[in-house]
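Protein sequence lines correspond, in order, to chains A and B.
Our numbering puts the first residue of the first sequence at 1, with every later residue one more than the last.
Our numbering puts the first residue of the second sequence at 243, with every later residue one more than the last.
Backbone N, C-alpha and C define an ideal beta-carbon position, used for all residues, glycine too.
Number of protein chains: 2
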Amino acid sequence: MLEDRLHAREKLLFFNKEYIAEFVYGGIDGAITTFAVVAGAEGANFNTSVVIILGLANLIADGFSMSVGNFFSTKASRDNFDRHKATEYWEVDNLPDREVEEIREAYAAKGFQGELLDQVVEVITSNKEVWVDTMMKEELGMTQDDKTPVKTASVTFISFVLIGSIPLLSYLVAGSGLHAGNTQLFLYSSILTGVALALVGSLKSLVTQRSLLVGIGETLLLGGLAASLAYFVGDVLQKAFS
Amino acid sequence: MLEDRLHAREKLLFFNKEYIAEFVYGGIDGAITTFAVVAGAEGANFNTSVVIILGLANLIADGFSMSVGNFFSTKASRDNFDRHKATEYWEVDNLPDREVEEIREAYAAKGFQGELLDQVVEVITSNKEVWVDTMMKEELGMTQDDKTPVKTASVTFISFVLIGSIPLLSYLVAGSGLHAGNTQLFLYSSILTGVALALVGSLKSLVTQRSLLVGIGETLLLGGLAASLAYFVGDVLQKAFS
Chain A
1 MLEDRLHARE
11 KLLFFNKEYI
21 AEFVYGGIDG
31 AITTFAVVAG
41 AEGANFNTSV
51 VIILGLANLI
61 ADGFSMSVGN
71 FFSTKASRDN
81 FDRHKATEYW
91 EVDNLPDREV
101 EEIREAYAAK
111 GFQGELLDQV
121 VEVITSNKEV
131 WVDTMMKEEL
141 GMTQDDKTPV
151 KTASVTFISF
161 VLIGSIPLLS
171 YLVAGSGLHA
181 GNTQLFLYSS
191 ILTGVALALV
201 GSLKSLVTQR
211 SLLVGIGETL
221 LLGGLAASLA
231 YFVGDVLQKA
241 FS
Chain B
243 MLEDRLHARE
253 KLLFFNKEYI
263 AEFVYGGIDG
273 AITTFAVVAG
283 AEGANFNTSV
293 VIILGLANLI
303 ADGFSMSVGN
313 FFSTKASRDN
323 FDRHKATEYW
333 EVDNLPDREV
343 EEIREAYAAK
353 GFQGELLDQV
363 VEVITSNKEV
373 WVDTMMKEEL
383 GMTQDDKTPV
393 KTASVTFISF
403 VLIGSIPLLS
413 YLVAGSGLHA
423 GNTQLFLYSS
433 ILTGVALALV
443 GSLKSLVTQR
453 SLLVGIGETL
463 LLGGLAASLA
473 YFVGDVLQKA
483 FS
């Protein structure tokens, strides 16, 4: 079955599809931010070890900062859901007639009519939880998300550090002692940034079953644009600091 | 009515509650990242104008990088929804018995039974779109999100730049010519970073109707931790570049 095949593929990727959005977000930002640090260090002719230290320090700090933002973002989404749910409970208690009518409208839109519609409305509104749940889904189009702030923040951090360390790989492999100003190491890092973006793009496409080529292409295009901007800023930074 | 009062409050805030998650995410990351740049510049005794240039350049580049990550994150979420919807259409076409049974289970759980349950299942499964829509909401707990990638990315960018410029305010007010190494300007910037985080925290609480004090407190606590880490990294950066 298609669904089983999807599940198998997801297990193969060791990746929970639910968190693909967080992984993409953290990975893209991690790769570009690290590239910006490397770009800033490049012109300054730093030792490889300095680039590695700067890159890793930035990965941790920026990754943590992004995770904190993500934590409160997920929390705000959940709070927003809870607030709407509380409002629906309030309305069911205080404006039952209006809420009954809204259930009726929702089920009429599904094709129910006449006596059957009356009966359906009666069953749904006889249980307050079912009633509110139906209002949330049908009127507001909101479903409870299983994703907790701690989990989305963790996936963001892991992805930021994991994908964000790829642009540093050439420096890590070269080891310390070599000059980072070395055009070749920076060229490798630029290519690796492209690889990191393509990796995120292809993972995204695999999980969401969109065209692989389009997925890689669009990530490289917009990500490359952001990286170019970051390079320019890195250059400004480097000139200011030197 | 409560809901009307909520809508009025949202209009008062000139803020669409739907995008509160993106605003919180971009704002927190923007404030902390800018503070990191200011912290790095502080030890280096830069001119105020240099700090402003560095800060603004970072705001644009990092804000754009984050928006690109957000764009693909929202896109991945939507693609994930579309993929599941396609799977449900496939299942309705190829495994109708199983899918009819799942609708039956969903409505039995709502309190329907006997002949009424049969009738409800019949009406729902007589329209393929209603059938799939019900499977999406009831089985998968997924609803179509109105938020488009362009909109979530735009809110992220605007919030990043808007909130992220607050830690720069002391330098902007002081104007160019003064020394940024000036401990006072940096102290103001630290306080302003706290104000920026508190602002995001309180806006979040206002929209989601949670305790204002808790909202500000938790944002200040975790955001302050991230800012401290960023300060440390800024320090490392400054020592490396000088």
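Does DSSP put residue i in a helix, a strand or coil?
i, result
"A/N70", "helix"
"A/N45", "coil"
"B/L467", "helix"
"B/L427", "helix"
"B/S453", "coil"
"A/G201", "helix"
"A/V111", "Before going further, note that residue 111 of chain A is Gly rather than Val in the sequence given. Three-state DSSP puts A/G111 in coil, outside helix and strand."
"B/L382", "coil"
"A/L59", "helix"
"B/L434", "helix"
"B/L337", "coil"
"B/A472", "helix"
Could you list which residues in chain B have their beta carbon closer than 8 Å to that of residue i, in chain order?
i, result
"A/Y171", "In chain order: nothing, as chain B lies at least about 14 Å away."
"A/L229", "I302, A303, F306, S307"
"A/Y25", "G311, N312, F314, S315"
Can you name the residues of chain A whose CB is closer than 9 Å to the CB of residue i?
i, result
"B/I294", "Here the premise fails: no neighbours, minimum Cβ distance about 11 Å."
"B/A348", "Near B/A348 there are no residues of chain A at all, since even the closest Cβ is about 11 Å away, more than 9 Å."
Show which residues of chain B have a CB atom less than 7 Å away from the CB atom of residue i.
i, result
"A/S77", "A263"
"A/I163", "Those within 7 Å of A/I163 in chain B number zero; the least Cβ separation is about 10 Å."
"A/D29", "S307, M308, G311"
"A/A57", "V475, V478"
"A/A226", "F306, S307, V310"
So residue i and residue j are in contact, right, with Cβ under 8 Å, and what is the actual spacing, rounded?
i, j, result
"A/I166", "A/V195", "6 Å"
"A/N80", "B/K481", "A/N80 to B/K481, Cβ: 43 Å. No contact."
"B/G269", "B/V442", "4 Å"
"A/L59", "A/V161", "5 Å"
"B/E341", "B/E333", "5 Å"
"B/V374", "B/E344", "At roughly 11 Å, the Cβ-Cβ gap does not stay under 8 Å, so B/V374 and B/E344 are not in contact."
"A/F186", "A/V37", "About 12 Å; that fails the 8 Å criterion."
"B/A303", "A/V233", "4 Å"
"A/D29", "A/R78", "In fact, because the Cβ distance is near 22 Å, the residues do not count as touching under 8 Å."
"A/T243", "A/L197", "In the structure as shown, chain A starts at 1 and stops at 242, and residue 243 of chain A therefore has no counterpart that could be examined."
"B/T275", "B/K389", "About 24 Å; that fails the 8 Å criterion."
Just to confirm the assignment, what range does the alpha helix (DSSP H) spanning residue i have?
i, result
"A/L164", "Here the sequence assigns Gly to residue 164 of chain A, which means Leu is not the residue at that position. Element bounds for A/G164: 149-164."
"A/D118", "114-125"
"A/K17", "Premise fails: A/K17 is in no alpha helix (DSSP H) and is neither H nor E."
"B/D388", "Neither: B/D388 is in no alpha helix (DSSP H) and is coded neither H nor E."
"B/L411", "411-416"
Which chain B residues are close to residue i, counting only those with a beta carbon under 9 Å from its beta carbon?
i, result
"A/K151", "Result: empty, since nearest Cβ-Cβ is about 15 Å, beyond 9 Å."
"A/S243", "Residue 243 of chain A is absent from the structure shown; chain A starts at 1 and stops at 242."
"A/V92", "Chain B residues near A/V92: none, gap ~12 Å exceeds 9 Å."
"A/V130", "A351, K352, G353"
Mind pulling the chain A residues with CB within less than 7 Å of residue i?
i, result
"B/I366", "K110"
"B/K446", "F72, A76"
"B/Q361", "L116"
Go ahead and label residue i buried or exposed: buried means 16 or more other beta carbons lie within 10 angstroms of its beta carbon, across all protein chains shown.
i, result
"B/Y261", "buried"
"B/R452", "buried"
"B/A318", "buried"
"A/K137", "buried"
"A/S159", "buried"
"B/S307", "buried"
"A/T134", "buried"
"B/E371", "exposed"
"A/A108", "exposed"
"A/G253", "The requested residue 253 of chain A does not occur in the structure, where chain A is confined to residues 1 to 242."
"A/G114", "exposed"
"B/N312", "buried"
"A/E22", "buried"
Since residue i meets chain A, which of its residues come closer than 8 Å, beta carbon to beta carbon?
i, result
"B/T385", "K137, G141, M142, T143"
"B/T275", "D62, S65"
"B/T450", "A76, D79, N80, D82, R83"
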